[in-house]
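Engineer:
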Amino acid sequence: MSAIRVRFAPSPTGFLHVGGARTALFNWLLARKQGGTFILRIEDTDVERSTKESVDAILQGMEWLGLDWDEGPFFQSDCFELYKEHVQKLVDAGKAYKCYCSAEELEKKREQAMQEGRKPKYDGTCRERRDHPADAPYVIRFRAPQGDEVVFDDLIKGRIAFPAEELDDLIIQRTDGTPTYNFCVVIDDAVMRITTVIRGDDHVNNTPRQIQLYEALGFPVPQFAHVPMILGSDKARLSKRHGATSVIAYRDMGYLPEALLNYLVRLGWSHGDDEIFSLQEMIDKFDIRHVGRSAGVFNTEKLNWLNAHYIKAGDPQRLAGLLQPHLASRGVSTQDGPDLVAVVKTLQERAQTLEEMAERALFYYQPPQGYDEAALAKFAKEHLQAVYAAVAEKLIESPAITAAEFDALFKELCTERGWKMPQVGQPVRIALSGGTQAPGIGEIIVALGKQEAIRRIQKASETVAA
Ligand code: GLU
């Protein structure tokens with residue numbers, strides 16, 4: 382194992398968002414590429430907003446994507462003592478102090494600053510305070526070093542500098558004794574010996590404060606990589622109003638995890654003109670330094686294209702297993718009926734999602750309740766009954782078993798009777814599936830079974846004639 386240690390640190394206040402999943406993926410890829418360690422840390426210090434359901438949903442999303450972690454999940458809520466110890470260390474060293482300013486006082490000063498056109502900033506009232514009023518509530522503030530700029534070289538965004546005077550004395554412990562977010566992150570990243578912090582660029586403004594904290598505590602400062610946001614088609618931050626944003630919603634819509642991973646890795650990162658990356662190729666080729674600086678726009682069509690690719694190339698056995706719940710949710714039992722693996726083989730060439738595949742698989746398990754009469758009239762006209770009778774007879778007599786053999790049988794019939802292929806093929810497809818949007822006839826007959834195919838053709842013949 383190399384010394385690289387990275388972490389994904391979601392706050393459990395909702396499901397796993399696709400943006401979060403991309404951040405997790407980048408961390409995971411770096412760890413896997415360099416033989417490092419990938420840690421999962423749940424940032425649940427905000428007790429009000431953190432829920433067990435969200436923790437479960439995040440873990441479920443990670444597991445579905447196959448982003449396995451080497452250490453954790455660790456919960457910040459288990460570490461309050463550790464944070465307290467470090468707060469005390471800073472206080473003892475004179476690097477943090479008790480602040481007794483009330484919320485009202487601070488609000489008044491804030492408003493005044495705004496009115497005078499100044500950026501609101503804590504004015505340091507309690508910085509040098511010597512009297513400590515007994516029983517008065519206080520917060521603990523970090524004594525932010527004054528003077529220089531805080532500078533860091535972001536692996537994605539390049540050099541970033543913040544003037545130190547913009548960084549006021551951060552509250553690190555609230556009146557109720559609980560530590561604040563930026564402080565916990567620093568302690569955890571330091572204690573977990575994180576070498577590279579890869580996170581969303583909504584945290585860029587936290588980084589200079591965190592760097593000051595690392596330095597004050599005597600911890601080495603990790604490298605940072607701030608990943609740009611994902612936007613919706615209108616260039617606003619991707620949110621529910623653009624459609625699904627939860628990883629599990631993509632599973633439920635019938636996307637394969639490898640398609641979503643491939644899509645997410647390519648969003649804002651490229652490697653020549655390559656579009657398709659197996660997991661191993663991602664690991665080999667991904668480089669965090671080549672992630673673009675601007676936000677990526679989520680493009681469902683491209684995701685669909687990738688998903689179709691992975692479905693087409695997928696192992697039918699595995700796809701059958703993944704398809705099962707999509708059929709079950711439609712009330713279809715595949716217990717009695719054609720073998721689902723055989724069914725998948727007939728559909729995987731053309732399906733964009735498993736939902737679409739499930740919809741198209743229905744006819745195998747539920748004989749058509751109606752027929753596309755317009756298509757029947759178009760393709761078969763006055764020959765319809767003759768076509769059905771001749772096809773049924775051929776099938777009964779024929780020893781054919783493969784799709785190719787069945788297809789040859791239909792060709793033979795056309796030659797014998799002087800019919801054109803669509804005049805035979807389409808009515809048969811309609812008899813078998815109800816419509817014309819179905820796989821090749823030979824393939825359907827193999828999956829459905831010859832006897833069932835004959836039954837359906839006879840049924841159609843009676844129904845349409847009636
Ligand atoms: N918990 C933060 C979030 O969910 C991530 C903080 C970090 O990665 O440093 O946005």
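If you use this note's numbering, the sequence shown corresponds to residues 382 to 847, in order. Cβ atoms here follow ideal geometry from the backbone N, Cα and C, with glycine treated the same way.
Just to confirm before moving on: does the CB-CB distance between A606 and I537 stay below 9 Å?
Structural biologist: yes
Engineer: If we count the other Cβ atoms within 10 Å of its Cβ and call it buried at 16 or more, is G401 buried or exposed?
Structural biologist: buried
Engineer: Relative to the alpha-carbon of V514, which residue among C480, G677, T404 has its alpha-carbon at the smallest distance?
Structural biologist: Sequence check: residue 514 is Pro here, not Val. Looking at the Cα atoms, C480 is the closest of the given residues.
Engineer: For S627, does the three-state DSSP call read helix, strand or coil?
Structural biologist: Per DSSP, reduced to three states, the secondary structure at S627 is strand.
Engineer: Any idea if N408 is buried or exposed, counting beta-carbon neighbours within 10 angstroms, 16 or more meaning buried?
Structural biologist: buried
Engineer: Could you please give the first and the last residue of the uninterrupted beta strand (DSSP E) stretch that includes A851?
Structural biologist: Here the chain comprises residues numbered 382 to 847, so residue 851 is not present and cannot be evaluated.
Engineer: Along the beta strand (DSSP E) that carries Q604, what are the first and last residues, could you check?
Structural biologist: 604-608
Engineer: Buried or exposed: which applies to R741, given that a residue is buried once 16 or more other Cβ atoms fall within 10 Å of its Cβ?
Structural biologist: buried
Engineer: Who are the Cβ neighbours of I664 in its own chain at under 8 Å, not counting the five residues just before and after it?
Structural biologist: L410, R413, K414
Engineer: Suppose the cutoff is 8 Å on Cβ atoms and the five residues either side in sequence are ignored; what does the same chain contact list for W445 look like?
Structural biologist: V628, I629, R632, P638, listed in sequence order.
Engineer: What do you reckon, is the C-beta of S620 under 8 Å from a heavy atom of ligand 1?
Structural biologist: False, no ligand heavy atom lies under 8 Å from that Cβ.
Engineer: Can you name, in chain order, every residue of its own chain whose Cβ lies under 7 Å from the Cβ of H584, other than the five neighbours on each side?
Structural biologist: H607
Engineer: From L757, G624, I579, pick the residue whose C-alpha is nearest to that of D535; which is it?
Structural biologist: Of L757, G624, I579, the residue nearest in Cα terms is I579.
Engineer: Around the Cβ of M382, are there at least 16 other Cβ atoms within 10 angstroms (buried) or fewer (exposed)?
Structural biologist: Its pLDDT being 49, under 50, M382 is placed unreliably in this model, and the value from its coordinates should be taken loosely. Flag for M382 reads exposed.
Engineer: Taking 8 Å as the cut-off, is the C-beta of R836 nearer than that to any heavy atom in ligand 1?
Structural biologist: Not one heavy atom of ligand 1 sits closer than 8 Å to the Cβ of R836.
Engineer: So I553 is in the beta strand (DSSP E); what residue range does that whole segment cover?
Structural biologist: 552-554
Engineer: L397 CB to nearest chain C CB: under 9 Å?
Structural biologist: Going by chain labels, chain C is absent from the structure shown, which holds only one protein chain.
Engineer: Can you find a heavy atom of ligand 1 that lies under 8 Å from the Cβ of P391?
Structural biologist: yes
Engineer: Quick one: is H398 buried, meaning 16 or more other Cβ sit within 10 Å of its Cβ, or exposed?
Structural biologist: buried
Engineer: I'd like the span of the alpha helix (DSSP H) that includes D570, first residue to last.
Structural biologist: 562-572
Engineer: Using the rule of at least 16 other Cβ atoms within 10 Å of the residue's Cβ for burial, across every protein chain shown, is A384 buried or exposed?
Structural biologist: exposed
Engineer: Using 9 Å as the threshold, is the C-beta distance between T783 and G830 below it?
Structural biologist: no
Engineer: Who does K650 pair with in a DSSP beta bridge?
Structural biologist: Residue 650 is actually Trp in this sequence, not Lys. V672, per the DSSP bridge assignment.
Engineer: Assess, as a yes-or-no matter, whether the stretch 676-690 is touched by the stretch 729-741 under the definition of 3 or more beta carbon pairs within less than 8 Å.
Structural biologist: yes
Engineer: Are the beta-carbon atoms of G815 and Q766 separated by less than 9 Å?
Structural biologist: no
Engineer: Using DSSP with H/G/I as helix, E/B as strand and the rest coil, what is I575?
Structural biologist: coil
Engineer: Which two residues bound the contiguous beta strand (DSSP E) that contains R510?
Structural biologist: Segment: none, R510 is in no beta strand (DSSP E) and carries neither H nor E.
Engineer: Quick check: the Cα distance between L700 and T715, rounded to an integer number of angstroms?
Structural biologist: 14 Å
Engineer: Is V585 a contact residue of ligand 1, with contact defined as CB to any heavy atom under 8 Å?
Structural biologist: no
Engineer: How close, in whole Å, do the beta carbons of K683 and Y644 come, if the pair is a contact with beta carbons under 8 Å?
Structural biologist: Between the beta-carbon of K683 and that of Y644 there is about 7 Å, and that keeps the pair under the 8 Å contact cut.
Engineer: Helix, strand or coil for A384? Go by DSSP, reduced to three states.
Structural biologist: coil
Engineer: For L776 versus A834, is the C-beta spacing smaller than 9 Å?
Structural biologist: yes
Engineer: Compute the minimum distance between the beta carbon of E424 and the heavy atoms of ligand 1, and state whether it is under 8 Å.
Structural biologist: At least one heavy atom of ligand 1 is nearer than 8 Å to the Cβ of E424, so yes.
Engineer: Which value, in whole angstroms, describes the spacing of the CA atoms of A756 and G806?
Structural biologist: Distance between A756 and G806, taken at the CA atoms: about 11 Å.
Engineer: Pairing CB atoms from the stretch 496-504 with CB atoms from the stretch 543-557, are three or more of them under 8 Å?
Structural biologist: yes
Engineer: Where does V418 sit, in a helix, a strand or coil, going by DSSP?
Structural biologist: Per the sequence presented here, residue 418 reads as Thr, with Val not at that position. Looking at T418 - three-state DSSP - the assignment turns out to be strand.
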